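Have a look at the structure below, then the notes.
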Amino acid sequence: MRPFSPNMIGLYRFLWVWLTLLLALWFGWHLLAQFDFLYPVWHDYAGISQNIDKYAPLNHYRHDFELTDRETRFALFHGIVEAIHNHGQGLKELVYQTRNGTVSLLRHSEIVHLQDVANLIDFVNHLALVLGTVWLVITLLIWSKLSAMKREKRIKQSFTRRKDSLLNLTIGLALSIGGILLIGAQKVFYQLHIWVFPANHQWFFYYEHSLMSTMMKAPDLFAMIAITLLILGLAFFVIIQLAINALLSTR
5 MRPFSPNMIG LYRFLWVWLT LLLALWFGWH LLAQFDFLYP VWHDYAGISQ
55 NIDKYAPLNH YRHDFELTDR ETRFALFHGI VEAIHNHGQG LKELVYQTRN
105 GTVSLLRHSE IVHLQDVANL IDFVNHLALV LGTVWLVITL LIWSKLSAMK
155 REKRIKQSFT RRKDSLLNLT IGLALSIGGI LLIGAQKVFY QLHIWVFPAN
205 HQWFFYYEHS LMSTMMKAPD LFAMIAITLL ILGLAFFVII QLAINALLST
255 R
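So, in C-alpha cells, the structure goes:
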C-alpha cells in the first residue's frame, strides 16, 4: 500500500492520536514530578496523615515516624521523587530524626524496589525519545499528504479531525477503564507489578513493615496520581492538537 493512500492517512491519524496521548502523559508525569505529584495535598486531605498516625507506631523495623512533622514527610517524599528520577541515587541517604538519633527511612528491600522503579523510569524516558521521533515522522507525513491534496484538489482539511480524535480516545479509554473496573483495579495494579518488576524482587509491602508504603498509603496514592495524570495528559493532548492544527493545517 502506498504511504500516501487515503487508507494510510487514516492509519497515520489513528497512530498520531495515540502517540500524542502517550507523549502527553509522559510530559504530564514529569510536570507532576516537579510538584512531588501533589503529595502535600494528598497527605493533608486524602488520609495519608491518618494512615501514618495509625500504622507507623506498628512498624516492626522503624520507630517514631509518627512523631515527624509535615515538612519532614514532604522532604522525604521529595527525596524519593528526586532519586527515582536520578537513576536511584540518594535513596540510601534518606533519613529522619528521632529522640534516639537518626533513622534511615528505607530498608534494603525498599531501596531495591525503588531502584527498580528508577530503572523503569529510565526505560520509559528512552522509549519516549523513540516514540517522539516516530510521532515527528508521522506528523510530517500527514502534513505532506494534506499539502499535496490541497495542491491537487484545492481542498481544505485540518491536520487532525477533532471529532475523530475524540471518538478514538473515548472508545479506547472507555474500553481500558471498563476493563480495569471489570477485572478490578487492585488486581490490575498487582499484575502490572508482576510483569514489570524482577520476579525475585519484593514489591508488595505491608504497612507494618514499610514506612515507604505507609507514607504513600499505597496503593491509594498511586490511584490519585493516575487520575491526576490522566486529566493532565488529556489537557496536554488538547493543547498539542490545537497547536498542530493551527500550525500545519492546510488553508
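Start counting the sequence shown at 5; every next residue gets the next number (our numbering).
Even for Gly, the Cβ is constructed at its ideal location relative to N, Cα and C.
Please read these numbers as outputs of a predicted model, since none were measured by experiment.
Beta carbon of F241 nearer than 9 Å to that of A28: Taking 9 Å as the Cβ cut-off, F241 and A28 qualify as a contacting pair.
Status (buried if at least 16 other CB within 10 Å, exposed otherwise) for I97: For clarity, residue 97 is Glu in the given sequence; the question names Ile instead. By the neighbour-count rule (16 or more Cβ atoms within 10 Å), E97 is not buried but exposed.
Where the alpha helix (DSSP H) containing Q54 begins and where it ends: Residues I52 to Y59.
Reference D224; option with closest CA among F201, Y43, G182 and I243: Y43
9 Å Cβ cutoff met for V200 and L124: yes
Neighbourhood of S169 by C-beta, 7 Å cutoff - its chain only, sequence neighbours within 5 removed: V21 and Q245
Contact the stretch 203-217 vs the stretch 60-70: 3+ CB pairs below 8 Å: Because the criterion of three Cβ pairs below 8 Å is met, the stretch 203-217 and the stretch 60-70 touch.
Sub-9 Å separation of L233 and L36 beta-carbons: Yes, the pair counts as a contact, with Cβ atoms nearer than the cut-off.
Beta-carbon gap between H91 and D126 smaller than 9 Å: yes
Spatial distance of L95 from L131 (CA atoms): The alpha-carbon atoms of L95 and L131 are separated by roughly 24 Å.
Under 9 Å between C-beta atoms of W46 and K167: no
Buried/exposed call for Y49, threshold 16 Cβ in 10 Å: exposed
C-beta contact flag for H3 and A60 at 9 Å: The structure shown has nothing for residue 3, since the chain only spans 5 to 255.
Cα-Cα separation between L80 and D73, rounded to whole angstroms: 11 Å
Same chain, Cβ closer than 7 Å to T76, five either side skipped, listed in chain order: Within the same chain, Y100 come within 7 Å of T76 by CB-CB distance, once the 5 residues on both sides are set aside.
Test item: CB-CB of L19 and I175 under 9 Å: Contact annotation: L19 and I175 have beta-carbon atoms that are not nearer than 9 Å.
Classification of K218 by the beta-carbon crowding that lies within 10 angstroms, buried from 16 upward: Here residue 218 is Thr; the residue named in the question, Lys, does not match the sequence. The residue is buried, with at least 16 neighbouring Cβ atoms inside 10 Å.
Y16 (DSSP reduced to helix, strand or coil): helix
6 Å Cβ shell around R255 - same chain, five flanking residues per side excluded: With a pLDDT of 49 at R255, under the threshold of 50, the modelled position of that residue is not reliable, and the figure given next carries that caveat. Closer than 6 Å at Cβ, skipping near neighbours: no residue.
Coil, strand or helix - Y100 by DSSP: strand
Backbone secondary structure at G105 - three-state DSSP: strand
Selection from W207, A189 and G188 that minimises the alpha carbon distance to H197: W207
Extent of the continuous alpha helix (DSSP H) to which R77 belongs: R74 to I88
Own chain, CB closer than 8 Å to T24, minus 5 neighbours either side, in chain order: W139, F241, I244 and Q245
Within 9 Å, strictly: CB atoms of K1 and I13: Outside the modelled stretch of the chain, which goes from 5 to 255, sits residue 1, for which no answer is possible.
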